[in-house]
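A short write-up of the structure that comes next.
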DNA sequence: CGTCTTATTGATAATGGTTTTCGCTATAGA
DNA sequence: TCTATAGCGAAAACCATTATCAATAAGACG
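Residue numbers (our numbering), protein chains in the order written: chain A, 1 to 164; chain B, 1 to 164.
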């Protein structure tokens, strides 16, 4: 199995274990190897405060800051793998780059409000949105992978004259 | 005013005129010039059947096919301008490129169901989603620009074994 | 524990969509 | 019509992401 065969992973685990253990199990289950790099990359994503999202470059910067030298090929490959494993979510916030966030199953599905000017991202929860998307997918015979609801606007700080 | 000053356009028109006329009015109102290129680029987007989305390259291809030679710098600039004017909507369907669609005010806000495998895009309407996003934005003092709800999954044709 | 297979890493080069540059052209106001 | 300058387009630059490939190391097996 090559490292590019990771796109069809469908099974999930019932998890109450630590994320490190979860990673180990998932990788094993799919025939992937447990490497220091993958573990450290996931750890970076987990340490991020809720509501913050990291780009591939952000991840590398944080790793570099803590003394880890991991090439960006590895960062990108690991991020994709973790997304395929269902551990991370890839966000398309209409910016030029992609962002990643840890997929906490305990945390309700949340969505994003983005300021088109300064790029600030605010999260909000709404379970109805997710079920709407889910229904829509299933009604058309699709298997659901992800729902992303992104609202773009101008935050109070960037908004034109009126209020600020 | 330079052509890169187009990002702060906030006013809209009440329109019952033909799109060509609308374009003319909007451009005039903002101090932009009415050029053949801009008119033809908009026309391409308008001629597309509903539910189809074009990338910048698609637009150029269609223009080339009908004998129009317009440089891609111009295509990109015009697309951005038309988005800023509120005539087009820029879609982030999590693909590598961006897509554009004509913003028909008569047509209800619609959203997209994307097959992660083959990239097929299906549209669906749901007014509640839009009002949810609108409320969320306004409650936080944001002025609303756009709401995009994108559902990703595997279409029946690409889905794993089970049904096909 | 050592050996072997091969998945993985990482430096580098390549890719590909988008943006910038800059001299030329053409719009729109005087 | 004339003039100022917004806009065009070919080519080069940009920049996030992906591919290449030789070296490395995880994990299986004896």
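Virtual Cβ for every residue (Gly too), placed ideally from N, Cα, C.
The model shown is predicted, which means the values in this text are computed figures rather than measured ones.
For residue i, is the classification buried or exposed, using 16 other Cβ atoms within 10 angstroms of its Cβ as the cut-off for buried?
i                      : result
residue 138 of chain A : exposed
residue 28 of chain B  : exposed
residue 101 of chain B : buried
residue 34 of chain A  : exposed
residue 72 of chain B  : exposed
residue 153 of chain A : buried
residue 129 of chain B : buried
residue 155 of chain A : buried
residue 146 of chain A : buried
residue 7 of chain A   : Legend: pLDDT at residue 7 of chain A = 41, less than 50; position of this residue unreliable, value from coordinates given subsequently. By the 10 Å Cβ count, residue 7 of chain A comes out exposed.
How far does the beta strand (DSSP E) with residue i in it reach, from first residue to last?
i                      : result
residue 151 of chain B : 143-154
residue 89 of chain A  : 88-91
residue 123 of chain A : 121-125
residue 99 of chain B  : 99-102
residue 112 of chain B : 110-115
Closest to residue i by C-alpha separation, out of the options, would be which residue?
i                      : options                    : result
residue 50 of chain A  : A/98, A/129, A/61, A/108   : A/108
residue 77 of chain B  : B/149, B/65, B/20, B/39    : B/39
residue 135 of chain B : A/135, A/127, A/134, A/151 : A/151
residue 87 of chain A  : A/133, A/46, A/36          : A/46
residue 37 of chain A  : A/127, A/67, A/131, A/91   : A/67
residue 110 of chain A : A/118, A/96, A/89          : A/89
residue 63 of chain A  : A/82, A/80, A/81, A/43     : A/43
residue 104 of chain B : B/118, B/30, B/25, B/48    : B/48
residue 186 of chain A : A/61, A/81, A/70           : This structure cannot settle anything about residue 186 of chain A, because the visible part of chain A is limited to 1 through 164.
residue 118 of chain B : B/79, B/148, B/159, B/131  : B/159
residue 92 of chain A  : B/26, B/20, B/133, B/148   : B/148
Please report the distance separating the alpha-carbon of residue i from that of residue j.
i                      : j                      : result
residue 157 of chain B : residue 84 of chain A  : 20 Å
residue 22 of chain B  : residue 41 of chain B  : 14 Å
residue 30 of chain A  : residue 24 of chain A  : 10 Å
residue 74 of chain B  : residue 61 of chain B  : 13 Å
residue 69 of chain B  : residue 79 of chain A  : 41 Å
residue 26 of chain B  : residue 20 of chain B  : 10 Å
residue 94 of chain B  : residue 18 of chain B  : 32 Å
residue 96 of chain B  : residue 132 of chain A : 26 Å
residue 59 of chain A  : residue 65 of chain B  : 44 Å
residue 99 of chain B  : residue 99 of chain A  : 19 Å
residue 126 of chain A : residue 126 of chain B : 15 Å
Assuming residue i is part of the alpha helix (DSSP H), what are its boundary residues?
i                      : result
residue 26 of chain B  : 19-30
residue 80 of chain A  : 72-84
residue 252 of chain A : No answer is possible for residue 252 of chain A: the residues shown for chain A start at 1 and end at 164.
residue 63 of chain A  : 56-65
Any heavy atom of the ligand ADP closer than 7 Å to the beta-carbon of residue i?
i                      : result
residue 142 of chain B : Of ligands this structure carries none, so the ligand ADP is not represented either.
Tell me whether the stretch 105-122 of chain B and the stretch 139-156 of chain A touch, counting them as touching only if at least three CB pairs, one residue from each stretch, are closer than 8 Å. yes
Three or more beta-carbon pairs under 8 Å between the stretch 55-62 of chain B and the stretch 110-118 of chain B, yes or no? no
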